Amino acid sequence: MKQDQFDAIVVGSGATGGFAAKELTERGLTVLVLEAGGPLPEQKFEEALKANFASIGSMARIKAGINGQHKQALTSFFTPEKSFLFVNDREHPYQSPQDNYLWLRGKQVGGRFLAWGRVALRMSDHTFKFKSHEGTGFDWPISYADIAPYYERVERFLGVVGNDDGIAYCPSGSYVRPAGLSTAEQAFKAKVEARWPDCKVMAWRYVRKEATPVDDQRNRTTTPLQAAAATGKLTLRSNSPVERVNTDPRSGRATGVTYIDKFSGTRHEAKGNVVVLCASTIESLRLLLNSAAEQHPNGLGNSSGLLGRYFMDQMLTLSLGSAPGFKGGQLVDGTSPADNHGGIYIPRFQNLKRPGAGGFAGGFNLQGIIGRPMVPQHMDSIVGLTGHGEMLPHADNRVTLARRRDRLGVPIPSVGIRMRDNEWKLLRNQVDTQKALMREAGLRTDFLISPLGIDPDSPFMPNNKWHERLLFRLAYKRSVAVGAAIHECGGARMGDDPKTSVLNAMNQLWDAPNVFVTDSSCFVTNGTCGPTLTTMALTVRACEHIASEYAHSEELRA
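Residue numbers (the numbering used here): 32 to 589.
In structure tokens form, the structure reads like this:
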């Protein structure tokens, strides 16, 4: 078994893993980054630009399922040209009781940072202090003030495009240039805000495409990984999934990790003074649960019995249609269709002044694009609008290990999660609001789908062939199942008390303080916006703490 010694080992090379590598190496630590997948060639991304936004692609999805992507092909933006961004479900299985969770993911150098929508929004104290505001759920052990400086550092480094919209629920940040709206989006904003003054339509705040550059081998990478490599203190090993975190039998502290050569199946051990888990929510939980040892009989970090519990995701609503009176597509912030990014974003506006007034706790956002896709000029402009609804934390929503193992011999995760009364009430309001806004703006809805079903008030894909409509009806419920939002979080929650949480306020395991978990598994509540900017900010904050403690002592202190 091969052994190496590093100051820090980072598991995962995506949004959080990249920043962990950058922050630690720039502070002088030697860092090993272990990534389960390999690099992706730029040529594949160039081919993906040819994907047809307006196509449902039912037959292409069926073919993908036959080839092993039967779950990944259910996502709304799946096309044959983009299939390389998703795992093969046969090679990377998981189980979910009643098949009610859709786990969408990729494994590559750069992680899902190469595939996410790049919408980078700050959370506010409506999320961090959820219980204080809503009267139910939980508060985080940190506030917005604790993380705000780290939000800014991430935004400045990546280069975020956006505006200061003056919305308390959606705090503004540091932006490199303003974000625009298409002509059709401006018309939508005017009509909606005139009807509902509390409903604010703003432009996306999104990360520039320059944050995912091409390296010397014409593979896609990320600017945080490049910054880490530039220090000379980074070792990056791809195709090296981590099996477990190893711990000292006496102290219980981490000594390093065991990882596997993806191709040969050979196990290797890497030694590290600190381990930072950035593998993505479910993978980090799987890894912690699989790291049972003498001092950690039920999994690493599970002395409270809460590891894997309070798992959450957001509830997805999806509508597609057109904008009568607007033709073709429009370039807004970009100079070519390859960089026509951006759209509209509507932060949560229900129940803010009077929490619970709608009969449920929490809220939802709406986001999408109107008139941007470059369709022929004789066609009505395309509209795509999605909603993301908040799920309350519940102890019985959890990730565990199944008896079944993957082809490398590692137990696969089992995801048990279901919506409860609060979620169904919120989702009904989310659908009704989405319909009302589109109707007020004069937009045509071809379909609106959610876990509630296909909305009966839309004509249902009037321009598609009968067999496409049939196939869509057969598959759509799984396409909008919990997980389809790709905003999974929780399971290794932060807290002030080791009896009621897995991590402390600095993302350290209570049970092994030289192990840090900074991906979305640390979340206490899931909010209504995407988690990625918050996880990157938390990672920078945690790594600053690691470097500070490491400089003064070989023993990390909480």
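Virtual Cβ for every residue (Gly too), placed ideally from N, Cα, C.
Owing to the predicted nature of the structure, the values given are computational and were not obtained by experimental measurement.
- One thing to note: GLU186 has its Cβ within 7 Å of the Cβ of GLY204.
- Secondary structure note for MET346: its beta strand (DSSP E) is the uninterrupted segment 346 to 358.
- Excluding its 5 nearest sequence neighbours in each direction, ASN396 has C-beta neighbours in its own chain below 8 Å: TYR376, ILE377, PRO378, ARG379, GLY418, HIS419, THR559, CYS560, listed in chain order.
- For the pair PHE161 and THR549, the CB atoms are not nearer than the 7 Å cut-off.
- Excluding its 5 nearest sequence neighbours in each direction, ASP120 has C-beta neighbours in its own chain below 7 Å: GLY99, GLN100, HIS101, LYS102, GLN103, listed in chain order.
- Runs of the alpha helix (DSSP H) spanning 4 or more residues and lying entirely within the stretch 551 to 576 do not occur at all.
- In the assembly as shown, LEU474 is a buried residue. Its beta-carbon has 16 or more other beta-carbons within 10 Å.
- Nearest to MET469 by C-alpha distance, out of ALA512, ARG436, ILE401, is ILE401.
- Each residue's CA atom was taken as its position, placing ALA433 and PHE491 some 39 Å apart.
- Residue environment analysis places HIS372 among the buried positions, since at least 16 neighbouring C-beta atoms fall within 10 angstroms of its C-beta.
- Burial is judged here by how many other beta carbons sit within 10 angstroms of a residue's own beta carbon; MET90 has fewer than 16 and is exposed.
- For THR431, the enclosing beta strand (DSSP E) has its first and last residue at 429 to 436.
- Here ASN321 has GLU274, ARG275, GLY330, LEU432, VAL441, PRO442 as same chain residues with Cβ atoms under 8 Å from its own Cβ, once five neighbours each way along the sequence are excluded.
- Between the stretch 244 to 261 and the stretch 60 to 78 there are three or more inter-stretch CB-CB distances shorter than 8 Å, so the stretches are counted as touching.
- Per DSSP, reduced to three states, the secondary structure at VAL192 is strand.
- Sequence-distant partners of HIS164 (beyond 5 residues in either direction) whose C-beta falls short of 7 Å from its own C-beta, in its chain, are HIS157, PRO386.
- Its chain contains no residue whose beta carbon lies nearer than 6 Å to that of GLU122 once the 5 sequence neighbours on both sides are disregarded.
- Judged by DSSP in its simplified three-state form, ASP156 adopts helix.
- Nearest in C-alpha terms to ARG403, of all of ALA285, ALA151, LEU212, is LEU212.
- By the C-beta criterion, the stretch 326 to 344 is judged to be in contact with the stretch 507 to 524, since at least 3 inter-stretch pairs fall below 8 Å.
- Taking 4 residues as the minimum length, the alpha helix (DSSP H) runs contained wholly in the stretch 225 to 275 are 254 to 261, in order along the chain.
- Judged by beta-carbon spacing, VAL207 lies beyond the 7 Å limit of ILE40, meaning their Cβ atoms are not closer than that value.
- In the three-state reduction of the DSSP assignment, LEU362 falls in the coil class.
- LEU316 is the residue among PRO355, GLY352, LEU316 whose C-alpha sits nearest the C-alpha of GLY336.
- Boundaries for GLY49: no beta strand (DSSP E) harbours it, while the alpha helix (DSSP H) harbouring it runs 46 to 57, taken from the DSSP string.
- Scanning the stretch 422 to 500 for uninterrupted alpha helix (DSSP H) segments of 4 residues or longer gives 452 to 471, listed from N- to C-terminal end.
- Contact check for MET154 against ASP196 fails: the beta carbons are separated by 7 Å or more.
- By the 16-neighbour rule on beta-carbons within 10 angstroms, ARG435 is exposed.
- In terms of Cβ geometry, PRO180 and MET525 do not form a close pair [threshold 7 Å].
- Around the Cβ of ASN494, a 10 Å sphere holds fewer than 16 other Cβ atoms; the residue is exposed.
- TYR200 sits away from ALA568, with the two beta carbons spaced by 7 Å or more.
- Under the DSSP assignment, GLN398 falls in the beta strand (DSSP E) whose first and last residues are 395 to 401.
- Cα atoms of ASN428 and THR214: separation of roughly 43 Å, rounded to the nearest angstrom.
- Within the model, the alpha-carbon separation for GLU78 versus LYS113 is close to 8 Å.
- Check the Cα spacing between ASP477 and each of SER353, LEU338, ALA176: the tightest is with SER353.
- Taking a C-beta distance under 7 Å as the contact criterion, LEU347 and LEU319 do not qualify as a contact pair.
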